[in-house]
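Engineer: Pasting in a structure now, in structure tokens, and then I'll have a few things to ask.
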Amino acid sequence: MKAKELAQILGCQLLGNENVEINSISEIQNAEEGDLTFLTNPKYKKYLEKTKASAIIVEKPIKGLEITQLICEEPYVAFAKALSIFYPEDLPSPHISPKATISASAKVGNNCYIGDNVVIEENAVIGDNVILFPGVYIGKNSKVGDNSVIFPNVVIYHNVKIGNWVRIHAGSVVGSDGFGYAFSKKEMKVFKVPQTGGVVIEDFVEIGANTTIDRGTIGDTVIGEGTKIDNLVQIGHNVKIGKYCFIVSQVGISGSTKIGDFVTLAGKVGVAGHIEIASNVTVGAKSGVTKSIKEPGVYAGFPVKPYREWRKIQALVDRLPEIYEKIKRFLGNF
Amino acid sequence: MKAKELAQILGCQLLGNENVEINSISEIQNAEEGDLTFLTNPKYKKYLEKTKASAIIVEKPIKGLEITQLICEEPYVAFAKALSIFYPEDLPSPHISPKATISASAKVGNNCYIGDNVVIEENAVIGDNVILFPGVYIGKNSKVGDNSVIFPNVVIYHNVKIGNWVRIHAGSVVGSDGFGYAFSKKEMKVFKVPQTGGVVIEDFVEIGANTTIDRGTIGDTVIGEGTKIDNLVQIGHNVKIGKYCFIVSQVGISGSTKIGDFVTLAGKVGVAGHIEIASNVTVGAKSGVTKSIKEPGVYAGFPVKPYREWRKIQALVDRLPEIYEKIKRFLGNF
Amino acid sequence: MKAKELAQILGCQLLGNENVEINSISEIQNAEEGDLTFLTNPKYKKYLEKTKASAIIVEKPIKGLEITQLICEEPYVAFAKALSIFYPEDLPSPHISPKATISASAKVGNNCYIGDNVVIEENAVIGDNVILFPGVYIGKNSKVGDNSVIFPNVVIYHNVKIGNWVRIHAGSVVGSDGFGYAFSKKEMKVFKVPQTGGVVIEDFVEIGANTTIDRGTIGDTVIGEGTKIDNLVQIGHNVKIGKYCFIVSQVGISGSTKIGDFVTLAGKVGVAGHIEIASNVTVGAKSGVTKSIKEPGVYAGFPVKPYREWRKIQALVDRLPEIYEKIKRFLGNF
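Protein chains in written order, with the UniProt record's numbering: chain A, 1 to 334; chain B, 1 to 334; chain C, 1 to 334.
This is the structure:
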């Protein structure tokens, strides 16, 4: 594809040789002739001069750069689009494996791929154009919406409703029992709290690998439209996550917590149960949210606080040895 | 079921209309006519006035409440019991799938459900009334006790002894190799330490989804009777956990550590190897236990300390900017 | 086996009865007559007097000990070797299960064990002496090198290259999509960044259970020769890990980070994206690495700092209540 064709598709302006041929996409440090590359993270600017790429997607024109520039407001978006043009995903064609088990009462839509050793239990409903990779388990009465892709060995328990265009990566579990027990001092016995609710995964959600989403105790656990969940994330029973959130790897969210829309929880964040996080909140990596967050903004620390406050505290903590020496000089040893 | 019948079964006192009909159970904020609800967490008191439930389980009589009250000392226990009455678990009936592989030397008890694609290796022993969901793997010489339920795609390695009434949720792995390597400076080579022990899971244990429990190097890793383990928990080789512990999601326990009875480790707690935690200890979320805890009590922080001490320290850390300003006013800038 | 034979094989010097018979290996606290035991962790010295073992591997001769001593510079290495002599791993013999699905275009080498319900997709290449336990999935164009062992229900996506003598424990996922999305403010839409790269796992790597390793966005995620990864670890897209690293349980490494050789990341460490960690670095448990580490050494804390510095700060944090009281005595209440 010529640079000018690509620029048009991506909605970019073009600077330099518009006829240069683009065959593939590479990282700036590894690019070869014929490659398109991109610059979105300033850390990689140092590779600009040496790159052998034939063209680059950038936000603003870069002076003195010899290679063709595709300039646009949102270069990372253009890069994502370019990748999907050059490397369309290679998913299996429609086919029902004779090694799959599909209950007589289950329904499977048109143009589905149902892989080997898939098990679809009673009254489950699979939409059109669905891909269930080998080893996937779909429990009773569960539903997978149109165009969804479930990767190998994913387990969907019973009464789980999965929307359209959902992707769930290998090994994830949706609908396992929440962690609920009632300890009776009178009887000196632990009673399991039956987990009788379900899970709702709305449209356009993507879930990473080996993530776990528990079913509700009563009522549902809900993952809102367009929310993206990374690998090894724990979502407790009856959690409600809003729309277009980003939940990064190894986050844990305890039971019955409600999260608004456009919330980002960075890696390893822990969130307590029965609290609320407002929309448009971002929580920094490794933070612990123990109380509700009512205002949009950026937060960090444990317990979580506004990011700037946390930075201030953190800076003072790191200076403690120096501050302590100074105080001792004034006040004497202690 | 009439409220009075239910009250009798649950051992509750009754206040209000004893003939009101109960058909299902709901959360207080979503309840409709015919629903039973409950109040155990004071955060939900605000819904009391507006709830449309027909009856509520409470600890103490609430004045002015119009709906029927079921009053008992342990309302959460009564709620758990009520759930199991209204929503008995729908588990598969006894059946051996022709798609399962059962070694000729393995034994399977009476009334078992063995799902599709289950693999039971040589000399494994499955008790009576056991449910092995599709895709479960049971290694050589392993044992699953009576009435246990193993959810889809769980992997039990060889020489693992699982007791009676155990539940293991989807994707969990029991008996993987512990993380043991010996680095030889002399030979400049890493040797794997063979993991030759097993795992013992005692009766009434429940294990969440995608949790991992490593086998012992020599001797066994042991999970004591009645202990409940949440999702995505890591239990290292040769760990011994006592009876009736609660190990919350994303906890990690390093090798050879011994944990007493009635211990609670809240979410994301990390525990170092080769240490001991006494019985009746509770450790707060995200804490790190680096030394043995010898006294019962509540602990938190990293390194862990008595909870009150940690709270005091934590409060001062959060006040550091203010304290620092004050000190500077007295002692001058530094 | 007689102690003298064993000492010779292990390269140990012998003190005491060289003809004592060794039948098995036990932990020092549980050892019986006929057992070999070992002492490497000083915490277990207290069991020395009471142990019923017939022989012990130690670093230096212990005076007054009645049992036979096998003395060597690296007792833990000798212990690892002894275990592999007494307890050789019991792996399945070569056999291709008729219940496996092997694409016509895939190649399987000599002497392989391919278990029930294994799926090997198009153009995949399996080397010689490979063991694929039941339920393993190998995606298109992926490769598993000679002598590698893949435990049950592991999922290897497409375009993953696994070297020789690699071991991957149950439930792990290699090649899932990295967590990459581009949010367009202009279009108010989230675009998935296609994950078009692959994963390279070099020779002698061992990966624990339920660990996740994402494929590269463009280019590969790489795990270097001899590196050992524990359970429930998250490795982001395009991460490069060098040779002979130890990545302990529940560590998370964000995208595009580069880690040198001989690096140890202790339990629950988090590493930010797009940074570098030099060779010969050790990072303490629960630390957070937010910037590149350029010098070898031991680090801890969040943000990470040299270990001694962190200890100093940590000690002062723990003394804050006391220091605060002292300051108030001088400066008055505030």
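Heads up, the beta-carbon is just placed ideally off N, CA and C, and yes, glycines get one too. These numbers come from a predicted model, not from an experiment.
Return the CA-CA distance between Ile218/A and Gln195/A, expressed in angstroms with no decimal places.
Structural biologist: When rounded, the distance between both Cα atoms is 7 Å.
Engineer: Using the three-state DSSP reduction, which class does Arg308/C fall into: helix, strand or coil?
Structural biologist: In the structure shown, Arg308/C sits in a helix (DSSP, three-state: H, G or I).
Engineer: Looking only at its chain, what residues have a beta carbon closer than 6 Å to the beta carbon of Asn23/C, apart from the 5 residues adjacent to it on each side?
Structural biologist: Gly34, listed in sequence order.
Engineer: With a threshold of 7 Å between beta-carbons, can Ala100/B be considered close to chain A, or not?
Structural biologist: False, the Cβ-Cβ gap to chain A never drops below 7 Å.
Engineer: With a threshold of 8 Å on Cβ separation, who are the neighbours of Lys45/A within its own chain once the five nearest residues in sequence on each side are excluded?
Structural biologist: Result list for Lys45/A: Leu39, in chain order.
Engineer: Should Gly180/B and Tyr157/B be called a contact, given that it needs their Cβ atoms to be closer than 7 Å?
Structural biologist: Going by C-beta atoms, Gly180/B is not nearer than 7 Å to Tyr157/B.
Engineer: Which partner residues does Tyr44/B have in the DSSP bridge list?
Structural biologist: Paired residue(s): none; Tyr44/B is not in a bridge.
Engineer: Among residues of its own chain, excluding the 5 on either side of Ile173/C, which ones have a beta-carbon nearer than 6 Å to its beta-carbon?
Structural biologist: The question names Ile, but residue 173/C in the sequence shown is Val. Result list for Val173/C: Val155 and Thr212, in chain order.
Engineer: Could you tell me which of Phe204/C, Asp261/C, Leu65/C and Gly216/C sits nearest to Ile25/A, measuring between CA atoms?
Structural biologist: Nearest option by C-alpha distance: Gly216/C.
Engineer: Do we get a CB-CB distance below 7 Å when we pair Tyr76/C with the residues of chain B?
Structural biologist: It does: the Cβ of Tyr76/C has a partner Cβ on chain B nearer than 7 Å.
Engineer: From Ile31/A to Lys240/C, what distance separates their C-alpha atoms?
Structural biologist: A quick correction: the sequence has Ala, not Ile, at residue 31/A. So the alpha carbons of these two residues sit roughly 18 Å apart.
Engineer: Using a C-beta to C-beta distance shorter than 9 Å, which residues of chain B count as neighbours of Val199/C?
Structural biologist: Near Val199/C there are no residues of chain B at all, since even the closest Cβ is about 20 Å away, more than 9 Å.
Engineer: Note down, in chain order, every chain A residue with its Cβ under 7 Å from the Cβ of Pro134/B.
Structural biologist: Val119 and Tyr137, listed in chain order.
Engineer: Starting from the beta carbon of Leu232/C, find every residue of chain A whose beta carbon is closer than 7 Å, and list them in chain order.
Structural biologist: Simply Leu232.
Engineer: Within 10 angstroms of its Cβ, does Leu265/A collect 16 or more other Cβ (buried), or is it exposed?
Structural biologist: Buried, since its Cβ has 16 or more Cβ neighbours within 10 Å.
Engineer: Determine the DSSP secondary structure at residue 335/B, reduced to helix, strand or coil.
Structural biologist: An answer regarding residue 335/B cannot be provided, because it is not within the stretch 1 to 334 covered by chain B.
Engineer: Tell me the DSSP bridge mates of Phe3/C?
Structural biologist: The displayed chain sequence assigns Ala, not Phe, to residue 3/C. For Ala3/C, which the question treats as bridged, DSSP gives no partner whatsoever.
Engineer: Determine the DSSP secondary structure at Asp318/C, reduced to helix, strand or coil.
Structural biologist: Asp318/C falls in the helix class under three-state DSSP.
Engineer: Please check the pair Ala55/B and Ile71/B, which I expect to be a contact at CB under 8 Å, by giving their CB distance rounded to whole angstroms.
Structural biologist: With 8 Å as the limit, Ala55/B and Ile71/B do not qualify as a contact, their Cβ atoms being about 11 Å apart.
Engineer: Which of the three DSSP states, helix, strand or coil, is assigned to Ala278/A?
Structural biologist: Of the three classes helix, strand and coil, the one that applies to Ala278/A here is coil, per DSSP.
Engineer: Go ahead and label Asp90/B buried or exposed: buried means 16 or more other beta carbons lie within 10 angstroms of its beta carbon, across all protein chains shown.
Structural biologist: With fewer than 16 Cβ atoms within 10 Å of its Cβ, Asp90/B is classed as exposed.
Engineer: Determine, for Ser176/C, whether the minimum Cβ-Cβ distance to residues of chain A falls below 7 Å.
Structural biologist: Ser176/C counts as touching chain A.
Engineer: Looking at chain C, which residues of the region 285-315 of chain A have a Cβ within less than 7 Å of any of its Cβ atoms?
Structural biologist: Here the close residues are Ala285 and Lys286.
Engineer: Please determine, among Asp261/B, Ile138/B, Val108/B and His274/B, the residue with the shortest C-alpha to C-alpha distance to Thr282/B.
Structural biologist: Nearest option by C-alpha distance: Asp261/B.
Engineer: With 7 Å as the threshold, decide whether the Cβ of Thr196/A is near any Cβ in chain B.
Structural biologist: So yes, Thr196/A belongs to the interface.
Engineer: Determine the chain A residues that contact Leu83/B at a beta-carbon separation under 8 Å, and present them in chain order.
Structural biologist: Within 8 Å Cβ-Cβ: Val193, Pro194, Thr196, Thr217 and Ile218.
Engineer: Would you report the Cα separation of Ile259/A and Thr227/A, rounded to the nearest angstrom?
Structural biologist: Those two C-alpha atoms are separated by around 11 Å.
Engineer: Can you list the residues of chain B that Gly226/C reaches, using a CB-CB cut of under 8 Å?
Structural biologist: In chain order: Val190.
Engineer: Would you please verify whether the beta carbon of Tyr87/C is less than 7 Å from any beta carbon of chain B?
Structural biologist: At least one chain B Cβ lies under 7 Å of Tyr87/C.
Engineer: Spatial neighbours of Ile165/C within its chain, please: CB distance less than 7 Å, with the 5 preceding and 5 following residues excluded, ordered by chain position.
Structural biologist: With the sequence shown as reference, residue 165/C is identified as Trp, and Ile is not the correct amino acid for it. Excluding positions up to five away in sequence, the list reads Asn147, Ser148, Asp203 and Phe204.
Engineer: Taking just the CA atoms, how far does Ile57/A sit from Asp116/A?
Structural biologist: Those two C-alpha atoms are separated by around 42 Å.
Engineer: Is the region 116-126 of chain B close to the region 85-101 of chain B, with three or more CB pairs under 8 Å?
Structural biologist: With the cut-off at 8 Å, the region 116-126 of chain B and the region 85-101 of chain B touch.
Engineer: Measuring only between beta-carbons, confirm whether Glu322/A sits less than 7 Å from chain C.
Structural biologist: It does not: the Cβ of Glu322/A has no partner Cβ on chain C nearer than 7 Å.
Engineer: Among Tyr113/A, Thr51/A, Arg319/A and Ala7/A, which residue has its Cα nearest to the Cα of Ala82/A?
Structural biologist: Minimum Cα distance to Ala82/A is reached at Ala7/A.
Engineer: Under a Cβ-count criterion, where at least 16 other Cβ atoms within 10 Å of its own Cβ denotes burial, should Gln250/C be classed as buried or exposed?
Structural biologist: With 16 or more Cβ atoms within 10 Å of its Cβ, Gln250/C is classed as buried.
Engineer: Output needed in chain order: residues of the region 25-57 of chain C with a Cβ under 8 Å from some Cβ in chain B.
Structural biologist: The region 25-57 of chain C vs chain B, Cβ under 8 Å: Ile25, Ser26, Glu27, Asn30, Asn41 and Lys43.
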